Amino acid sequence: KDDSGIMTTIDSALNASASKWMKEVVLTKRSDHIIRSVVTGDPNLKVSEIGIPCYVAERLQISDHLNSWNWEKLTTSLNLRFLEKGEVYIRRKGELLRIRDMEELQLGDVVFRPLNDGDIMLINRPPSIHQHSMLALHVKIPP
Numbered sequence: 001k002d003d004s005g006i007m008t009t010i011d012s013a014l015n016a017s018a019s020k021w022m023k024e025v026v027l028t029k030r031s032d033h034i035i036r037s038v039v040t041g042d043p044n045l046k047v048s049e050i051g052i053p054c055y056v057a058e059r060l061q062i063s064d065h066l067n068s069w070n071w072e073k074l075t076t077s078l079n080l081r082f083l084e085k086g087e088v089y090i091r092r093k094g095e096l097l098r099i100r101d102m103e104e105l106q107l108g109d110v111v112f113r114p115l116n117d118g119d120i121m122l123i124n125r126p127p128s129i130h131q132h133s134m135l136a137l138h139v140k141i142p143p
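Right, here's the structure in full:
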């Protein structure tokens, strides 16, 4: 028995729901972590990468949940942030806090850190009528 008709129906239903989700949630929702810029090509980047200038990467903040798996990586990154800025913002139990000492960090905190190489960023090419105008690319911060 040929089930390709059933699979085609399921695939089209999934694509329709994904398209509806894209239009209703992603494209119409307000977000605070946005930057608008002109994108140019760079022959030194891979096809799956986007170059983000250092000054932009420092202004865009990523929220990371601090846990035992990423404790060392995040504290190393935050030590540099403490040296440069003297403070780091975290969210603890729904409250936004500014900390000035690494000793104040606790497991379970949501830490706001700048973009790093390898982070995944969602790129939008207007007009955003359908899901094909959005790409997920790895961040590469040029030296």
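Residues in the sequence shown are numbered consecutively from 1, following the UniProt record's numbering. Where a beta carbon is used, it is the ideal one built from N, C-alpha and C, also for glycine. Here the structure is a predicted model, which means the values were calculated and not measured.
Nearest to residue i by CA position, among the options, is which residue?
| i | options | result |
| --- | --- | --- |
| N70 | Q61, V110, T40 | V110 |
| C54 | K73, D117, A136 | D117 |
| N79 | R113, S48, I35 | R113 |
| L135 | I141, I123, P143 | I123 |
| R92 | L107, R100, F82 | L107 |
| S63 | P126, L137, M121, H132 | M121 |
| H138 | H132, E58, P126, I52 | I52 |
| R36 | V56, S48, P43 | V56 |
My understanding is that residue i touches residue j, with C-beta atoms under 8 Å, so please give their C-beta distance in whole angstroms.
| i | j | result |
| --- | --- | --- |
| I34 | K140 | That pair is no contact at about 19 Å. |
| E84 | R98 | Not quite, the Cβ-Cβ distance comes to about 15 Å (not below 8 Å), so this is no contact. |
| L115 | L66 | Contact doesn't hold; Cβ gap of about 18 Å is too wide. |
How many Å lie between residue i and residue j at the Cα?
| i | j | result |
| --- | --- | --- |
| E72 | M102 | 12 Å |
| L45 | I90 | 32 Å |
| L60 | R81 | 13 Å |
| S133 | E58 | 26 Å |
| G41 | L74 | 31 Å |
Can you tell me whether residue i is buried or exposed, with buried defined as 16 or more other CB within 10 angstroms of its CB?
| i | result |
| --- | --- |
| L96 | exposed |
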